[in-house]
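Here the structure is laid out as structure tokens; the discussion comes afterwards.
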Amino acid sequence: MLSTGTYDLQTVVGAWAPGHLYPDAFDELLRIMKRGGILVWIRRDAYNDVSPAFAIFDDEVEKRVQQGKWRHLRQPQLVDRYRIGQPGKLYILQKT
Numbered sequence: 190m191l192s193t194g195t196y197d198l199q200t201v202v203g204a205w206a207p208g209h210l211y212p213d214a215f216d217e218l219l220r221i222m223k224r225g226g227i228l229v230w231i232r233r234d235a236y237n238d239v240s241p242a243f244a245i246f247d248d249e250v251e252k253r254v255q256q257g258k259w260r261h262l263r264q265p266q267l268v269d270r271y272r273i274g275q276p277g278k279l280y281i282l283q284k285t
């Protein structure tokens, strides 16, 4: 188990996918981040349509914003042609 408050920066690319990481990992990822740490993620936007867990991905992000656990450094942004011509969504957050 990783220690609490270990990391200053976290990147996740290609792991937010059915069968890999789901939004229920957010709290653990927050736990291992230092206060003020930066989280940068990108994921395929089409997963919203194929997985109930990903259909609520943005709701789960915003829930933690409202709880004061992290804040947006930049609003989530669609990225054209993220992978194989499909759009992705980029998130840049900071642990508060």
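Read in order, the letters of the sequence shown are residues 190 to 285 in the working numbering.
Beta carbons are placed, not taken as given, at the ideal position from N, Cα and C, and that holds for glycine.
Here the structure is a predicted model, which means the values were calculated and not measured.
In the assembly as shown, M190 is an exposed residue. Its beta-carbon has fewer than 16 other beta-carbons within 10 Å. By DSSP's assignment, M222 forms a beta bridge with Y196.
Boundaries of the beta strand (DSSP E) harbouring V268: 259-272, taken from the DSSP string. Taking a 10 Å sphere around the C-beta of L228, we find 16 or more other C-beta atoms and assign the residue as buried. Minimum Cα-Cα distance from A206 among the listed residues L198, E217, N237 corresponds to N237.
Taking a 10 Å sphere around the C-beta of K252, we find fewer than 16 other C-beta atoms and assign the residue as exposed.
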